[in-house]
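Numbering (this note's numbering), first residue to last: 560 to 901.
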C-alpha cells in the first residue's frame, strides 16, 4: 500500500500564474493498422496545467494516460496513428511543430520521467554522460562544464557520493536510484513543464515516499508545472492539486483532489477509491474490486463505456453517450452518478 504524503503548501500555490502553461484541447489519438478496425486510445481529452500546479491523470492500465503523455511530448510514431486536437504550450500548438522544433523544446521546456528507469537509461553509457548530454544539447555547455552541473543535479536528487555515481552504469544502481537519475536528467535544463509517467511503479513504499517528496520539493521550489500519471490514488492524494479520472480514453470526472476523495460522483472513481486498502478496515475485511477489466467496454459513440462494469448502471447508460458536464469547478460524465444527494 502506498504511503500518502501531503505535498501541497501555500508557497506552492503562490507560485501559480493566472493563466495555464499547457492547454490540451480535444486531444484524440487513433491507432490504425491495415486489415483491422481503428482503435481510439485517447478520445477528446481536454485539461489545463498552470505553473506550480500538479495535475493528475488517473485510471487503470489501458485508459489512455500514457498515450496522452506521449502525444504531448511528440513521441508517438509518425505512422500508424492519427492525432487530432491541440496541445498549446504558451499558445504554441506542439502538435504542429516539426521534428527539429520539437526536439529543441523537448528536454529544455518540456521534460518527462518515464515509467521504467532501467529500460529508459542507456545500459552501456555512464550515468554522468547521460545527464551531461542533455545540458550539452540544450544549453551548449562543454562536456566538462556539463559534468559539473550533472554532479550537482545527481546530488540534488538525493543520490549519495555523486562523484563516484557519475562513473557508474545503470545496472549498478538500485531501482530507486535509477529513478532519481531519470528525474535529474528531466530537470537538468529546468523545464517549465514536467510529465511523470508512473514514476513510483515497482518501488517499495519507502522509496515511493522519497520520490514523491522529491518531486514536490522540485515543483514547489521552481514553480514547474507537473502532470502526474498514475493508477495509484495514494500518490494522487499526497501530490496532486487537480485530478482527471480517465476511462476508455475519455475523462469521466475532474475535480480538486480534496473534493474528489471526499465525494466521488462517478461510479468508476467510487470503485477506484473503494478498492484501496484502509488502515481503518477490520481484520479480515475484503477489498471491493471493480468487476471485469478495461477490455469490457462499450463504444462511447452510443453508450457509456463503463456501463458493463458499473454497479449503478441504468438502461440509458447503454443507449446514450453521456456528455462531460461542468458544474462549480467540477466535471462529470455520467447518467446516474453516486453521492449527489449527500
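For glycine and all other residues, C-beta sits at the position ideal for the given N, C-alpha and C.
Here the structure is a predicted model, which means the values were calculated and not measured.
Whole angstroms is fine: what's the gap from residue i's alpha carbon to residue j's?
| i | j | result |
| --- | --- | --- |
| residue 724 | residue 756 | 24 Å |
| residue 880 | residue 728 | 51 Å |
| residue 564 | residue 794 | Only weak support exists for where residue 564 lies, its pLDDT of 43 falling under 50; the coordinates are left without a value. |
| residue 567 | residue 816 | The pLDDT assigned to residue 567 is 45, lower than 50, so where the model puts this residue is not dependable; a value taken from the coordinates is nonetheless given after this. Looking at the two C-alpha atoms, the distance is approximately 11 Å. |
| residue 613 | residue 661 | 23 Å |
| residue 583 | residue 607 | 6 Å |
| residue 714 | residue 789 | 26 Å |
| residue 616 | residue 593 | 31 Å |
| residue 824 | residue 890 | 10 Å |
| residue 849 | residue 864 | 14 Å |
| residue 600 | residue 722 | 43 Å |
| residue 733 | residue 888 | 42 Å |
| residue 640 | residue 628 | 15 Å |
| residue 822 | residue 682 | 46 Å |
| residue 804 | residue 702 | 43 Å |
| residue 836 | residue 638 | 42 Å |
| residue 882 | residue 760 | 32 Å |
| residue 781 | residue 800 | 16 Å |
If I measure Cβ to Cβ from residue i and keep anything under 8 Å in the same chain, skipping five residues before and after, which residues do I get?
| i | result |
| --- | --- |
| residue 570 | Note that residue 570 scores a pLDDT of 39, beneath 50, so its modelled location is shaky and nothing firm can be said. |
Excluding the five sequence neighbours on either side, which residues of its own chain have a C-beta within less than 7 Å of the C-beta of residue i, listed in chain order?
| i | result |
| --- | --- |
| residue 871 | 826, 895 and 897 |
| residue 869 | 826 and 876 |
| residue 693 | 666, 744, 747 and 748 |
| residue 834 | 846, 847, 848 and 849 |
| residue 930 | It is not possible to answer for residue 930, since the shown part of the chain is limited to 560 through 901. |
Per DSSP, which one or two residues make a beta bridge with residue i?
| i | result |
| --- | --- |
| residue 827 | Per DSSP, none; premise fails for residue 827. |
| residue 670 | 753 |
| residue 615 | 787 and 802 |
| residue 814 | 802 |
| residue 606 | 583 |
If contacts are defined as beta-carbon pairs under 8 Å, then residue i and residue j qualify, I think. What distance do you get, rounded to the angstrom?
| i | j | result |
| --- | --- | --- |
| residue 809 | residue 646 | Not a contact, Cβ separation roughly 17 Å. |
So, for residue i: in the same chain, excluding its five sequence neighbours on each side, which residues have a beta-carbon less than 6 Å away from its beta-carbon?
| i | result |
| --- | --- |
| residue 706 | 687 and 691 |
| residue 735 | 762 and 766 |
Stretch-stretch touch, CB-based, cutoff 8 Å, three pairs: the region 685-698 with the region 646-657:
no
Validate contact between the region 625-641 and the region 824-833 using beta carbons, cut 8 Å, 3 pairs:
no
Meets three-Cβ-pair contact criterion under 8 Å: the region 759-772 and the region 645-652
no
Using 8 Å as the Cβ pair cut-off and three pairs as the minimum, do the region 584-592 and the region 745-755 touch?
no
Does the count of Cβ pairs from the region 734-743 and the region 667-679 closer than 8 Å reach three?
yes
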